[in-house]
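Before any comments, here is the structure.
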Amino acid sequence: MANVNDLPVFSSNPSLTVDEDDVYTYNITVTDEDGETVAITTSTIPSWLTLTDHGNNTATLTGTPLQAHLGNNPVVIVATDSVGVTNQSFTISVSNVN
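Take 680 as the starting number for the sequence shown in our numbering and just add one per residue.
Printed below as a string of structure tokens:
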């Protein structure tokens, strides 16, 4: 039986809530059954977040939302290996703090 190259898999789960003015951090981990290094990028990201790919199948998504960012903020993280892509889609809810 021939080996089939498998798509990357997200092995981490994001927090889905954050208060305004608090730092949001998501430590992303991706596994690849074939041992490939996976590129981690975004296709959808709020302006208050920054993604840093560490080049070892991990990345960090971090930022501080302000009052202007209250409500639902959609995010799509993209993991790409030599065969294709896997997306992780979620929404971060930013809550108001008085």
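Using N, Cα and C, we set each Cβ at its ideal position, and we do this for glycine too. None of the values given here were measured: they were computed from a predicted structure.
Exercise. Do Asp732 and Thr723 have their CB atoms nearer than 8 Å?
Worked result: no
Problem set entry | Residue of Ser690, Glu699, Asn682 and Asn684 minimising C-alpha distance to Ile771 | Answer by Cα proximity: Glu699.
For this session: Can you check DSSP and say which residues form a bridge with Val773?
Result: Val697 and Gly750
Exercise. Considering only residues of the same chain and omitting the five flanking positions on each side of Asn751, which have a CB-CB separation below 7 Å?
Worked result: These residues qualify, in order along the chain: Thr770 and Ser772.
Exercise. DSSP on Asn766, reduced to helix/strand/coil?
Worked result: Three-state DSSP puts Asn766 in a strand.
Problem set entry | From Val776, Leu749, Ile756 and Ser726, residue whose alpha carbon lies closest to that of Tyr705 | Ile756
Exercise. How about Thr739 and Trp727: do their beta carbons lie closer than 8 Å?
Worked result: Between Thr739 and Trp727, the C-beta spacing is not below 8 Å.
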